[in-house]
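Worksheet: one structure, shown below.
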Amino acid sequence: QQQVKQSPQSLIVQKGGISIINCAYENTAFDYFPWYQQFPGKGPALLIAIRPDVSEKKEGRFTISFNKSAKQFSLHIMDSQPGDSATYFCAASPGNTGNQFYFGTGTSLTVIP
Amino acid sequence: ETGVTQSPTHLIKTRGQQVTLRCSSQSGHNTVSWYQQALGQGPQFIFQYYREEENGRGNFPPRFSGLQFPNYSSELNVNALELDDSALYLCASSPGTRVNEQFFGPGTRLTVL
Numbered sequence: 001q002q003q004v005k006q007s008p009q010s011l012i013v014q015k016g017g018i019s020i021i022n023c024a025y026e027n028t029a030f031d032y033f034p035w036y037q038q039f040p041g042k043g044p045a046l047l048i049a050i051r052p053d054v055s056e057k058k059e060g061r062f063t064i065s066f067n068k069s070a071k072q073f074s075l076h077i078m079d080s081q082p083g084d085s086a087t088y089f090c091a092a093s094p095g096n097t098g099n100q101f102y103f104g105t106g107t108s109l110t111v112i113p
Numbered sequence: 001e002t003g004v005t006q007s008p009t010h011l012i013k014t015r016g017q018q019v020t021l022r023c024s025s026q027s028g029h030n031t032v033s034w035y036q037q038a039l040g041q042g043p044q045f046i047f048q049y050y051r052e053e054e055n056g057r058g059n060f061p062p063r064f065s066g067l068q069f070p071n072y073s074s075e076l077n078v079n080a081l082e083l084d085d086s087a088l089y090l091c092a093s094s095p096g097t098r099v100n101e102q103f104f105g106p107g108t109r110l111t112v113l
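First to last, the protein sequences are chains A and B.
Mapping of the first sequence onto the working numbering: position 21 corresponds to residue 21, and the numbering continues sequentially without gaps.
Mapping of the second sequence onto the working numbering: position 75 corresponds to residue 75, and the numbering continues sequentially without gaps.
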């Protein structure tokens, strides 16, 4: 079954707007939660990541919000730009082995100029 | 410092054939993980190799096999290809078995006819 559930499947945002992508998980052994950005024909590239000991992490225009009790985390892209148009994947890794990622199904983001 | 490279870029095979995909890890990385990314889906973990030994395997049948060489490069072999094996195959390398510092290659697009 899908260990990490991601929504929405697709998202269209105006330039300058805020893009929000949500993920949820069940496995409490997960202790590392990255977000990856993937452009067509390319492999996923790490965007930002968080551990469950903090509720928020910000890097430039990208922010992860983490709710440990609800087992949810989200990516916020502030001042969205056309160059942000890509597919975004959330993922989680278990602390006991840490040797694999469980990915969400992806969100296709389109930022309209 | 070179990144993760994969070859070939694209490959077309017919059902029942065998295929070998190759991956060169990033300099200084001794661990390679392989993922299968079906169209419109997130990557699915196939297996990880650490110091030439398999270190974890996802829910893939034995016809998916791998090798890691002393220089830490790796091969993914798939026997008896099926139509559903059509996907982007991603290789990722990391300096250890924890995937926190994992970097993905651009992938090999496999089409099975």
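Backbone N, C-alpha and C define an ideal beta-carbon position, used for all residues, glycine too.
Output needed for residue i: all residues of its chain with C-beta closer than 7 angstroms, excluding positions within five of it in sequence on either side, in chain order.
i	result
L47/A	W35, Y36, Q37, F62
Just tell me which of the options has its CA closest to the CA of residue i.
i	options	result
E53/B	S27/B, Q6/B, N79/B, S65/B	S65/B
P113/A	K57/A, T105/A, G95/A, S80/A	S80/A
G60/A	T105/A, Q100/A, L75/A	L75/A
P70/B	R63/B, H29/B, L21/B, T97/B	H29/B
Hey, is residue i close to the ligand PLP, as in C-beta under 8 angstroms from one of its heavy atoms?
i	result
L39/B	The ligand PLP is absent from the structure shown, which contains no ligand whatsoever.
Could you tell me whether the Cβ atoms of residue i and residue j are closer together than 9 angstroms?
i	j	result
R57/B	Q48/B	yes
S86/B	T31/B	no
P160/A	V111/A	Any property of residue 160/A remains undetermined from this structure, which presents chain A solely from 1 to 113.
N22/A	P44/A	no
G106/A	Q102/B	no
K58/A	T28/A	no
S33/B	Q6/B	no
Leaving out the 5 sequence neighbours to the left and right, which residues in its chain are closer than 6 angstroms to residue i when beta-carbon positions are compared?
i	result
A92/A	V4, Y25, F30, F33, Y102
F104/B	L90, A92
L88/B	Q37, G107, R109
Three-state secondary structure (DSSP) at residue i?
i	result
V4/B	coil
V54/A	coil
G66/B	strand
G98/A	coil
D79/A	coil
N67/A	strand
N71/B	coil
Assuming residue i contacts residue j (C-beta within less than 8 angstroms), just tell me the rounded distance between them.
i	j	result
T14/B	R109/B	That pair is no contact at about 16 angstroms.
S10/A	S85/A	11 angstroms between Cβ atoms; not a contact.
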